[in-house]
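K.L.:
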Amino acid sequence: MKNKNDKKLCIQGAILLVLLLVVVFSGVLFGKGDVIHTDIMSQKPSLQHIFGTDPLGRDVLSRAFIGMRLSLLLGFIAQLICMAIGVIVGCASAYFGGILDKLFVFLQNVILSFPSMVLTFCVLMLLGNGIFSMMVALCLFGWLSYARLARSQVRAIKDANFINGAKAVGSSNLQIIFRHIVPNVIRTIIPMFTLMIGHSVLGIAGLSFLGFGVQPPHAEIGLMIRDGMSYIRTFPWLFIFPGFVLAVYSVMLNVVGDSLQDRLDIHDSANISRM
Amino acid sequence: MIKVENLTKVYTSGFFKRTYHKAVDAVSFEVKAGRTLCIIGESGCGKSTVCLMLTRLLDPTSGRIILDGRDVSSIRGRELKEYHRNVQIIFQNPENALDPRIRIKDSILEAIRNYGIVPRGSPEEKALLKDLMGMVGLQHEHLERYPWELSGGQIQRAIIARVIALKPKVLVADEPTSMLDVSVQAQILTLLKRLQKEHGFAMLFISHDLDVVRAVGDEVLVMNRGREVERGGTESVFRSPQAEYTRNLLRAFYYEKEVVREESYVAADQ
Amino acid sequence: MTALFVSFTAYALLYFSPGDPAELLLMEKTGGPGLQLNVVREYAEILGTNKGLLPMYKNWLVKMLQLDLGRSYRTGRPVWVEFKTRFVTSASLAVMATALSLLIGVSLGMLSAKYKNRLFDKLTRIISAVNMSVPSFWLAIVSMWLFAMKLKIAPISGDQGFKSLILPSCVLGIAGSAGLIRITRICILENLNEEYVVTLRAKGLSESERFRKHILKNISLPIITMVTSNVISLIGGSIIIENIFGLPGIGNYLIKSIQLKDFPVILGFVFIMSLTVVILNLISELVSYALDPRIRMEVYEK
Amino acid sequence: MDSILELKNVSTTFNSRDGFVKAVSGVDLAIAPGEIVGLVGETGCGKSVLGQTILRLTPSSARTEGSILFNGDELTAMSEKQLQNVRGREIAYINQNPSESLDPVMKVGNQIVESIRLYEKISKNAAARKAGEILQSLSFEDPDAIMSKYPVELSGGMKQRVMVAMAMCGRPPFMIADEPTKGLDALVRGQVIDSLRRFIEYARCAGLIITHDLKFARAICDRIAIMYAGEIVEIAPKEEVFSKPLHPYLEGLIASMPQNGLHVLEGSPCSLIDLPEGCRFHERCRYCTDRCTRSHPNMKALAPDHEVRCCRYD
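Protein chains in written order, with my numbering: chain A, 1 to 275; chain B, 1 to 270; chain C, 1 to 302; chain D, 1 to 314.
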């Protein structure tokens, strides 16, 4: 049973890895596609151009992967920042409790009662459109989910005897946080990280689609779909295929995140077998 | 050796309407080196709270804790760390008493290294681990295992090893065997008694199993709703209980009479 | 309290964002750059945007307390009226989408749990995983292309009343169902492993009785929480969909106003929206309070 | 046919992550009407699985062999639907761990009423009245107050007694109680025992009480069966279990009780996944001989009502 799950996870992980490698080397693999060719404008999908070409004669497949690279990179960085902030805030809030915790809960309520999209737009207005402000907007919300998870996790294990036990054998607060709490919490955070990258890739695409995020001439999936929409009657491949690529990556990230979560759950419950 | 005077813990709850709950109310006792004091009482009577306060994992609301003639009820920092070394605790539930992500070895080493008992990574450290394992009756291979790979009894042994490594003056055992089977319970209790004879620590033993108390305790303190009900030598308390509550408790435990007494509605938290 | 804080934050954010509303609005009216400075100043005087942050906010707040959200800089109509006219579209979109997601999510989740690890379950899980990962705006465009352009069974633009709401609410509903399928399935399976189910079996209840009388109530709580968070994300989250389908909803109008810095509209809308969010959260909390005695106990203990 | 419940060569196995678990192997047990039998064993010896096996409440991966006759009817041959009519009505089952065994979102009273109306066609009000009476008979002071509470609002002992009340509703001729006193302290345990006694008196039923506590078994049972590693190793009237223990395991168990001086029984029970060859206890047995490591002993009756599984008594 356990082995079967491990095997599944390995396969999924391998697929994701291949996809990621393709993206990492997309510059080398597809670099020549992101060039304007006036002679092959708006061609239908064919063997040479599997996803067709756009009105400027650029290969849609190449651009989709190059765009994916940007999205993934941005998503990864954004989530890394979110995770760092979120885990620290969440752990501290739950471990020390008191005013710190109350403050956190208040902040959380405030942020959660903004319709998230609207606040995002406000931030984008403040900082102007572009990659940087989009990242800020993503982080503004992203850290909260990590913080909430970390907080609930820490609250759950804070009263476990092993924390008291560690205190009783003379470990300091800092030692306890880094030796016992963070390692225990991080195991639930990592699957979430994977899931959230998928999530933020979608978010980036969405914002770029509305024209707030990545700006042309960068290749980005959301942008490509937006541009493709103008040709909705004539060249449907312009928006269908980039979205498809995005979906594939996002599915894989979700699936791997899920499997990771399942696996860690099993490990948790593998204590003394109950009869 | 360790003395407690008027130890009190009051929990306040409620935001608008403050309610006070006296978990422990002016409890006093003294345990001498090599002796065992047992605290008995129903769940929720405050015995676990006494344990946590005595080990300074919980701050007392008032009262004094005196170790070797020194008031330690409000020490902090370095002094507190030193105090922790002297006063050790074994918890009731072996299931989460050790960090599930850490090997037994590292859990034990955590204690040893915190106090720099032997140089880190030295051959002495290895020898000490080996000694400890022998002392508590575990195999050397258990050191490399994770807590969830061990049975409840084995975890308690590992915890005892970690506690003994610090050579404490006082050992607080909060129902160390209530989750274990009879045969394992006998193993653990015998081990504790043997170690007490060898190391001469004072022991505060919490239990609701009166037979266990009778077998290990020199003195008994009966608690009910945070208050001391009766205190005395084990045999005298068991033979001729003075307080009504103690008599009830004894009767109920030995199934002598039908006990009909309504508890409070809400489960009192431990 | 929270709503106040939200509105102030939004106000401050807007205030410090680059671009002067007077200038932007005049640009839109006259249709190009090259405005004279004094004209802009005069216009700013009329709008009242030349004061500092705090006086402006105070003005707005005082009016708001009299239930006057002010007038749009752009159209000159009261913000409340602007909101009302667009509310119906957005609200019916949200209601239809939620109903649909609930229908799909809960029923598929139940069936999936019933046929655990069988083909149906596996298919459903794959579908919901894919569903969760597909960007909804892409789904919207593809469905628009497919149903409106190719098959011609749905209207293209959003001015045909109810008919034009069908496709967008389907898209939103399907997108929202993914999480519900998952949570329904997991909750049922978790509950089936609970000890109390053994008691119910030992009592002699049949499988369907166990499900109807006990498990259903136990799983309703997480589902309600999830639906609430879905609805909240629909408020404002439907902006993209409204944009694509050209629906005259709140989100669409809000984007336009943000671009033009139409303060009263943005503030009013954000205020009403966060108020809605707060109220929805409150309702959801009250429902779980009513449904789950465990939560009640926690509240008492605090 | 003089026994109400008769188990013949019952074995239960299931698959776990770590392998094939032989939780119960070859159990023979006959219980006469009105007789209370205690099934005593330590954690992981398969005693709870045996209790669940009787009413087929085991997890779906479990496989059961052998025959379980209840009043002459074969329970293992019954369909799920037929079995539903046995559960609660004919055989009540009190699940272990009362804090998780009641539906958390339903009022305690409604759960009892639900049980009553399953077995009797009476109105809700009449059932509620009856539920009140049952609670009253278990010496709850304020039955109405209890009935309007949710399980979380009750203490562990009260939940356990509510479980007893629920089992009483069908006035069954047989009941199985799984670890009814686990985790309760002295005073509360006394109340639960009291409740169980009233239940037995009220229903005039026979019963199988599963526990790890020899002293508790002595207080309530007529006969005690000792279980070790999936099989019954000794069965005798309760007084004889204490005065004349035959099996080395039982001997060790009694000697290790605190009141008997905490004499240590070394070692830990063998795993149910790979059972040792020969006698399952031989690794811990101080009388172990060569023969014990090779041949698996059978139950032998040394007296009409005292059986033991040990080759010392051949």
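Quick reminder that beta carbons are idealized off the backbone N, C-alpha and C, glycines included.
Check whether the Cβ atoms of residue 257(A) and residue 185(A) lie closer than 9 Å to each other.
P.N.:
No; because the gap between Cβ atoms is not below 9 Å, this pair is not in contact.
K.L.:
Would you give the residue range spanned by the alpha helix (DSSP H) that residue 214(B) belongs to?
P.N.:
Its alpha helix (DSSP H) spans residues 210-216.
K.L.:
Taking DSSP as the reference, what is the three-state secondary structure of residue 58(D)?
P.N.:
Residue state, collapsed to three classes: coil.
K.L.:
At a CB-CB cut-off below 8 Å, which residues of chain G make contact with residue 104(D)?
P.N.:
Any reference to chain G falls outside this structure, whose protein chains are A, B, C and D.
K.L.:
Does any CB atom of chain B fall closer than 9 Å to the CB of residue 68(D)?
P.N.:
It does not: the Cβ of residue 68(D) has no partner Cβ on chain B nearer than 9 Å.
K.L.:
Using a Cβ cut-off of 9 Å (strictly closer), state whether residue 354(D) contacts chain B.
P.N.:
A query on residue 354(D) cannot be resolved here, the shown segment of chain D reaching from 1 to 314 and no further.
K.L.:
Just how far apart, CA to CA, sit residue 187(B) and residue 288(D)?
P.N.:
The straight-line gap from Cα to Cα measures roughly 21 Å.
K.L.:
Looking only at DSSP bridge pairs, what is residue 20(B) linked to?
P.N.:
Bridge partners of residue 20(B): 12(B).
K.L.:
In chain D, which residues lie with their C-beta within 8 Å of the C-beta of residue 208(B)?
P.N.:
Correct list: 185 and 186.
K.L.:
Can you tell me where the beta strand (DSSP E) with residue 66(D) in it begins and where it stops?
P.N.:
Counting along the chain, the beta strand (DSSP E) containing residue 66(D) begins and ends at 63-70.
K.L.:
Provide the residue span of the beta strand (DSSP E) that contains residue 16(D), from first to last.
P.N.:
Element bounds for residue 16(D): 5-16.
K.L.:
Residue 170(C) to residue 108(D), Cα distance in whole Å?
P.N.:
Using only the alpha carbons, I get a separation of about 42 Å.
K.L.:
Taking only beta-carbon positions, decide if residue 48(B) is within less than 9 Å of chain D.
P.N.:
Chain D, which has no Cβ nearer than 9 Å to the Cβ of residue 48(B), makes this no.
K.L.:
Mapping DSSP to helix, strand and coil, what is residue 51(D)?
P.N.:
Helix.
K.L.:
When Cβ atoms are compared, which residues of the segment 152-177 of chain A fall closer than 7 Å to chain B?
P.N.:
If the cut-off is 7 Å between Cβ atoms, the segment 152-177 of chain A has 160, 161, 162, 164, 165, 166, 167, 168, 169, 170 and 171 near chain B.
K.L.:
Which residues of the segment 238-256 of chain A have a Cβ closer than 7 Å to any Cβ of chain C? Give them in chain order.
P.N.:
Listed in sequence order: 239, 240, 243, 246, 247, 250, 251, 254 and 255.
K.L.:
Mind listing the chain A neighbours of residue 133(C)? Cutoff is C-beta to C-beta under 7 Å, in chain order.
P.N.:
Going along chain A in sequence order, the residues near residue 133(C) (Cβ under 7 Å) are 198, 247, 250, 251 and 254.
K.L.:
Compare the Cα-Cα distances from residue 35(D) to each of 284(D), 204(D), 308(D) and 127(D) and report the closest residue.
P.N.:
Comparing Cα-Cα distances from residue 35(D) to each of 284(D), 204(D), 308(D) and 127(D), the minimum goes to 204(D).
K.L.:
Determine the burial state of residue 196(A): buried for a count of at least 16 other Cβ atoms within 10 Å of its Cβ, exposed for fewer.
P.N.:
Residue 196(A) comes out buried.
K.L.:
Looking at the ligand SAM, does it come within less than 8 Å of residue 222(A), judged from the CB to the closest heavy atom?
P.N.:
As far as ligands go, the structure on display features none, and thus does not contain the ligand SAM.
K.L.:
Let me check understanding here. Comparing Cα to Cα, which of 276(C), 103(C), 282(C) and 86(C) lies closest to residue 173(C)?
P.N.:
Comparing Cα positions, the closest option is 103(C).
K.L.:
What residues of chain A sit near residue 80(C), judged by a beta carbon separation below 9 Å?
P.N.:
Simply none; closest approach about 18 Å.
K.L.:
Would you mind stating whether residue 250(C) and residue 121(A) have Cβ atoms separated by less than 9 Å?
P.N.:
Not a contact, by the Cβ cut-off of 9 Å.
K.L.:
Excluding sequence positions up to five away, which residues of its chain have a Cβ less than 8 Å from the Cβ of residue 277(C)?
P.N.:
Only 232 and 235 meet the Cβ criterion.
K.L.:
Exposed or buried, what is residue 199(C) when buried is set at 16 or more other beta-carbons lying within 10 Å of its beta-carbon?
P.N.:
Result: buried.
K.L.:
Looking only at its chain, what residues have a beta carbon closer than 6 Å to the beta carbon of residue 62(B), apart from the 5 residues adjacent to it on each side?
P.N.:
Excluding positions up to five away in sequence, the list reads 8.
K.L.:
Count the CB pairs spanning the segment 217-234 of chain D and the segment 146-161 of chain B that are closer than 8 Å, and state whether there are at least three.
P.N.:
The segment 217-234 of chain D, when compared against the segment 146-161 of chain B, does not touch it at the 8 Å Cβ threshold.
K.L.:
Keeping to the same chain, check which residues put their C-beta closer than 6 Å to that of residue 129(A); ignore five residues upstream and five downstream.
P.N.:
Only 212 meet the Cβ criterion.
K.L.:
Against residue 230(B), what residues of chain D qualify as contacts under a CB-to-CB distance less than 7 Å, listed in chain order?
P.N.:
Neighbours of residue 230(B) on chain D: none; closest Cβ ~15 Å, over 7 Å.
K.L.:
Should residue 41(B) be labelled buried (16 or more other beta-carbon atoms within 10 Å of its own) or exposed?
P.N.:
When all chains shown are included, residue 41(B) counts as buried.
K.L.:
If the cut is a Cβ gap below 7 Å, which residues of chain D does residue 116(C) touch?
P.N.:
The premise fails here: residue 116(C) is roughly 10 Å from chain D at the closest Cβ pair, so nothing lies under 7 Å.
K.L.:
Going by alpha carbons, who is nearest to residue 305(D) out of 50(D), 248(D) and 236(D)?
P.N.:
Ranking the options by Cα distance to residue 305(D), first place goes to 236(D).
K.L.:
Does the structure place the segment 9-17 of chain D close enough to the segment 62-74 of chain D that three or more beta carbon pairs sit under 8 Å?
P.N.:
Touching, per the Cβ criterion.
K.L.:
Tell me which residue opens and which closes the alpha helix (DSSP H) that residue 99(C) is part of.
P.N.:
Element bounds for residue 99(C): 79-114.
K.L.:
Kindly indicate which residue of 212(D), 313(D) and 186(D) has the alpha-carbon position closest to the one of residue 254(B).
P.N.:
Residue 254(B) has its Cα closest to that of 186(D), out of 212(D), 313(D) and 186(D).
K.L.:
Quick check on residue 21(B): buried or exposed, where buried means 16 or more other Cβ atoms within 10 Å of its Cβ?
P.N.:
Burial call: exposed.
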